[in-house]
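Sequential numbering from 1253 applies to the sequence shown in the working numbering.
First the structure, in the form of structure tokens, and then the observations on it.
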Amino acid sequence: FAATSVIFVVTSLASPPPDPSRVARYCWKSPLAVIAEKPLEGMGDPRVIAALLVAAMVACYVIFA
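Below is the structure:
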């Protein structure tokens, strides 16, 4: 872990910063934007799967706790 952390920091400091417009394509406007940014696309949508997993964890906690 320490070695890779040193490599990461040295590489970051040695390379020029990326173009802000390019970085903006990969960043959310806010943490909640990822949830409400576009409509659900069906059962395969990661937001639906995440909600089902949370519901399953709550159900397991209620049943087995």
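For every residue, glycine included, the Cβ atom is placed at its ideal position computed from N, Cα and C.
Length of the line joining the Cα atoms of residue i and residue j
{"i": "Y1278", "j": "T1256", "result": "23 Å"}
{"i": "L1305", "j": "P1291", "result": "20 Å"}
{"i": "P1270", "j": "I1315", "result": "49 Å"}
{"i": "S1282", "j": "E1293", "result": "21 Å"}
{"i": "P1268", "j": "V1275", "result": "13 Å"}
7 Å Cβ shell around residue i - same chain, five flanking residues per side excluded
{"i": "I1287", "result": "R1299"}
{"i": "W1280", "result": "V1286"}
Residue i, DSSP secondary structure in three states
{"i": "A1317", "result": "coil"}
### Unbroken stretches of the alpha helix (DSSP H), 4 residues or longer, contained in the region 1258 to 1303
1272 to 1276 and 1285 to 1288
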